[in-house]
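Structure first, commentary second.
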Amino acid sequence: MRTQVGIVGAGPAGLLLSHLLALRGIDSLVVEDRSRAYCEARQRAGLLEDGTVKLLREVDLAQRLDAEGLEHGGIYLQFAGERHHLDFRDLTGGRTVTIYAQTEIVKDLIARRLADGGALEFEISGTAVAGLTTDRPVLSYTTAGGERREVVCDAIAGCDGFHGICRPSIPPGLLTVRDRDYPYAWLGITAEVPPSTDELIYNRHPDGFALHTMRTPQVSRLYLQVPPDDRIEAWPDERIWGALQRRFALPGWELKEGPIFDKAITPMRSFVSSPMRYGRLFLAGDAAHIVPPTGAKGLNLAVADVRVLAAALAERCSTGSDERLRAYSATALRRIWKAQRFSWWMTSMLHQFPENNVYQRRLQLAELDYVTSSRAASTALAENYVGLPFE
Ligand code: RFL
Ligand code: PHB
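First residue of the sequence shown: 1, per our numbering; consecutive thereafter.
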């Protein structure tokens, strides 16, 4: 079998890449080891940068996003018993962010690829990549029906997330990893209750960080900083709501509670593996880098990577020139490192670190005070949060 670009992983990176390539007349095959239903239900990101929304509009993927997405012109930062608003429209010349769940983006992308006749295979197993330094790399896998396939490609895109097989297929010693673990995790819940806020609340509290976000006008999403080794069984619903009530408490404001229908604990990590290329294998999205979710950058970075990669692969196909493909890793990494810095900074400013002494905790409060009282400092937060311009 033959395709131009073999794509491993039907997350946002792999699916969007196949769509962007199709728009340029390049055929691809996406292989995914989970079921379609699983990919469409996996609770993850919810916040899209201004540039991500505009890109999805440009490539005709924003019909439902425009109808159902919730446009936000700012966020709240809560600390030391007060809640402060940052007005992104004012600070960034009218730019905004949009709440539209990753589950919905994935549903839209899968529906569109199938409607356009795209090749998409779910529930495959035994994914392997070979011949990466030749000009005919091979993607092999076993179909849901048990048939082993070998697909000869011009290039392979490793969009298979942090735990995928593509990054580990690169010979040891060729990749440089820069990473950082955080001494806590996030417990995330989705609840059937209208959000108690019009815009997201990022909350620094002596008990730990908390975030109030949302999915729709009827569904709230909330996160709590918890110890890294906590198990979800230790968090019955009453304990979760109790912790959220304590952390968000503000005179005259009420946090509404409702039935929780999804809860999970996620570790926090910063990770960059470079270069994002080995021969004809190109890594994109979480396969190459991870950020802690405090800056809401993971999904947006995956989109930014494949935007660059699709253009580079298209140039290679139409002109035979490798120039943009050779620049892919360096181009993507410039944005990635700035998002790493921003995500690390937001995380460091808002969480309780067990090792912090009183002096360091006082510095965090001074930083928050500065960010909410200086126009220069709040502009720096705002322009990173709504998303730096594409290259
Ligand atoms: P994904 O979404 O992990 O997709 C990878 C796909 O590859 C498949 N796969 C394989 N397929 C075939 N063969 C194999 N051997 C395979 N191994 C793996 C997997 O099943 C999967 O379908 O990576 P991608 O496409 O790079 O997308 C990245 C985003 O999913 C991720 O960065 C974001 O969800 C991060 N994130 C957030 N990002 C934002 O931009 N804004 C947010 O508000 C935000 N909030 C979050 C987040 C991530 C979170 N968690 C759970 C990690 C909140 C949370 C709690
Ligand atoms: C989410 O809506 O799930 C979300 C939003 C902002 C973040 C992290 C998660 O920083």
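Even glycine gets a Cβ: it sits at the ideal position worked out from N, Cα and C. Only a predicted model underlies this, so the values are computations on that prediction, with no experimental measurement involved.
Problem set entry | Nearest-angstrom beta carbon gap, L283 and C166 [assumed within contact, 8 Å] | Your numbering for residue 166 matches position 166 in the sequence shown. Your numbering for residue 283 matches position 283 in the sequence shown. Going by Cβ atoms, the distance from C166 to L283 rounds to 6 Å, so yes, they are a contact pair.
Exercise. Which residues mark the beginning and the end of the beta strand (DSSP E) in which H393 is found?
Worked result: Lying outside 1 to 391, the shown extent of the chain, residue 393 is not represented and no answer is given.
Exercise. Looking only at DSSP bridge pairs, what is G6 linked to?
Worked result: As a working note, residue 6 is residue 6 in the sequence shown. Bridge partners of G6: L29, I156.
Exercise. Which of helix, strand or coil does DSSP assign to G161?
Worked result: If you number the sequence shown from 1, residue 161 lands on position 161. Correct three-state label for G161: coil.
Exercise. Where do the ends of the alpha helix (DSSP H) carrying M276 lie?
Worked result: Translated into the one-based positions of the sequence shown, residue 276 becomes position 276. Per DSSP, M276 lies in no alpha helix (DSSP H) and is assigned neither H nor E.
Problem set entry | N- and C-terminal bounds of the alpha helix (DSSP H) containing R83 | For the purposes of this step, residue 83 is taken as the residue at position 83 of the sequence shown. Premise fails: R83 lies in the beta strand (DSSP E), 82-87, not in any alpha helix (DSSP H).
Exercise. If we ignore side chains and look at the alpha-carbon of each, how far apart do W345 and H19 end up?
Worked result: Translated into positions along the sequence shown, residue 345 becomes position 345. Translated into positions along the sequence shown, residue 19 becomes position 19. The alpha-carbon of W345 is positioned some 33 Å away from that of H19.
For this session: Go ahead and label L48 buried or exposed: buried means 16 or more other beta carbons lie within 10 angstroms of its beta carbon, across all protein chains shown.
Result: Taking the sequence shown and counting its residues from 1, one reaches residue 48 at position 48. Under this definition L48 is a buried residue.
Exercise. Given R394, which residues of its chain have a CB within under 7 Å of its CB, disregarding the five upstream and five downstream residues?
Worked result: Only positions 1 to 391 of the chain appear in this structure, which leaves residue 394 out of reach.
Problem set entry | Boundaries (first-last residue) of the alpha helix (DSSP H) holding W337 | Locating residue 337 in the sequence shown gives position 337, counting from the first residue. W337 -> alpha helix (DSSP H) spans 323-350.
Exercise. Can you list the beta strand (DSSP E) stretches of 3 or more residues lying completely in the stretch 62-123, in chain order?
Worked result: 70-72, 74-79, 82-87, 97-99, 119-121
Exercise. Would you say L47 touches the ligand PHB, meaning its beta carbon is less than 6 Å from a heavy atom?
Worked result: As a first step, residue 47 must be located in the sequence shown, where it is residue number 47. Yes, since a heavy atom of the ligand PHB falls inside the 6 Å radius drawn around the Cβ of L47.
Exercise. For G258, which residues from the same chain have a beta carbon less than 6 Å from its beta carbon, with the 5 sequence-adjacent residues on both sides left out?
Worked result: Numbered from 1 along the sequence shown, position 258 holds the residue referred to as residue 258. Only A191, E192, V193 meet the Cβ criterion.
Exercise. Can you name, in chain order, every residue of its own chain whose Cβ lies under 7 Å from the Cβ of T331, other than the five neighbours on each side?
Worked result: Along the sequence shown, read from residue 1 onward, the residue named residue 331 stands at position 331. Closer than 7 Å at the Cβ level, and outside the excluded window around T331, lie V308, E391.
Exercise. Which residues in the same chain as E367 place their Cβ atom closer than 7 Å to its Cβ, once the five residues preceding and following it in sequence are excluded?
Worked result: As a working note, residue 367 is residue 367 in the sequence shown. So the list reads M349, once near-sequence residues are dropped.
Exercise. Is it buried or exposed for F209, if we count other Cβ within 10 angstroms and need 16 for buried?
Worked result: The count along the sequence shown starts at 1 and reaches residue 209 at position 209. That one is buried.
For this session: On the DSSP bridge assignment, give the partners of F282 in chain order.
Result: Here residue 282 is taken as the residue at index 282 of the sequence shown, counted from 1. Looking at the DSSP assignment, F282 forms a beta bridge with A157, R277.
Exercise. CB V306 to CB A22, shorter than 7 Å?
Worked result: Translated into the one-based positions of the sequence shown, residue 306 becomes position 306. Translated into the one-based positions of the sequence shown, residue 22 becomes position 22. Their beta carbons are not under 7 Å apart, which means V306 does not touch A22 by this criterion.
Problem set entry | Which listed residue (G11, R239, P354, Y385) has its alpha carbon closest to that of I110 | Here residue 110 refers to the residue found at position 110 of the sequence shown. When the alpha-carbon of I110 is set against those of G11, R239, P354, Y385, the nearest one is in G11.
For this session: Note the first and the last residue of the continuous beta strand (DSSP E) segment covering P183.
Result: The residue given as residue 183 occupies position 183 in the sequence shown. That run of the beta strand (DSSP E) goes 176-191.
Problem set entry | Three CB pairs or more closer than 8 Å across the stretch 78-88 and the stretch 358-372 | yes
Exercise. Less than 7 Å separating the beta-carbons of C159 and I26?
Worked result: The sequence position of residue 159 within the sequence shown is 159, counting from 1. The sequence position of residue 26 within the sequence shown is 26, counting from 1. No; because the gap between Cβ atoms is not below 7 Å, this pair is not in contact.
For this session: Could you check which residue in E254, A119, P267 has the C-alpha nearest to that of D229?
Result: Start at 1 with the first residue of the sequence shown, and residue 229 comes out as number 229. Nearest C-alpha to D229: P267.
For this session: Could you pull out every residue in the same chain whose Cβ sits closer than 6 Å to the Cβ of R335, ignoring the five residues on either side in sequence?
Result: On the sequence shown, residue 335 is found 335 positions in, with the first residue counted as 1. Excluding sequence positions up to five before and after R335, its CB lies within less than 6 Å of the CB of A304, all in the same chain and listed in chain order.
For this session: Please say whether A144 and E123 have beta carbons closer to each other than 7 Å?
Result: Looking up residue 123 in the sequence shown gives position 123. Looking up residue 144 in the sequence shown gives position 144. Yes, the Cβ-Cβ distance between E123 and A144 is below 7 Å.
Problem set entry | Closest residue to L34 among T347, L56, F88, T127 (Cα-Cα distance) | On the sequence shown, position 34 is the one that residue 34 refers to. Per the sequence presented here, residue 34 reads as Arg, with Leu not at that position. T127 is the residue among T347, L56, F88, T127 whose C-alpha sits nearest the C-alpha of R34.
Exercise. Which word fits Q218, buried or exposed, when buried means at least 16 other C-beta atoms lie within 10 angstroms of its C-beta?
Worked result: By one-based count along the sequence shown, residue 218 stands at place 218. Answer is exposed; the Cβ neighbour count stays below 16.
For this session: Determine the burial state of G117: buried for a count of at least 16 other Cβ atoms within 10 Å of its Cβ, exposed for fewer.
Result: The residue given as residue 117 occupies position 117 in the sequence shown. Exposed, by the Cβ-count rule.
Exercise. How far does the alpha helix (DSSP H) with G14 in it reach, from first residue to last?
Worked result: The residue labelled residue 14 in the question sits at position 14 within the sequence shown. Element bounds for G14: 12-23.
Exercise. How about L132 and R280: are their beta carbons less than 7 Å apart?
Worked result: In the sequence shown, counting from the first residue as 1, residue 132 sits at position 132. In the sequence shown, counting from the first residue as 1, residue 280 sits at position 280. Yes, the pair counts as a contact, with Cβ atoms nearer than the cut-off.
For this session: Use the C-beta contact count for E253: other C-beta atoms within 10 angstroms, 16 or more gives buried, fewer gives exposed.
Result: Reading the sequence shown from its first residue, position 253 is the one you call residue 253. The identity of residue 253 in the sequence shown is Trp, whereas the question assumes Glu. Exposed, by the Cβ-count rule.
Problem set entry | P293 (DSSP reduced to helix, strand or coil) | Against the sequence shown, residue 293 aligns to sequence position 293. Helix at P293.
For this session: With T142 as the anchor, note down where its beta strand (DSSP E) starts and where it stops.
Result: To locate residue 142, count along the sequence shown from 1; it is residue 142. 138-142 is the extent of the beta strand (DSSP E) around T142.
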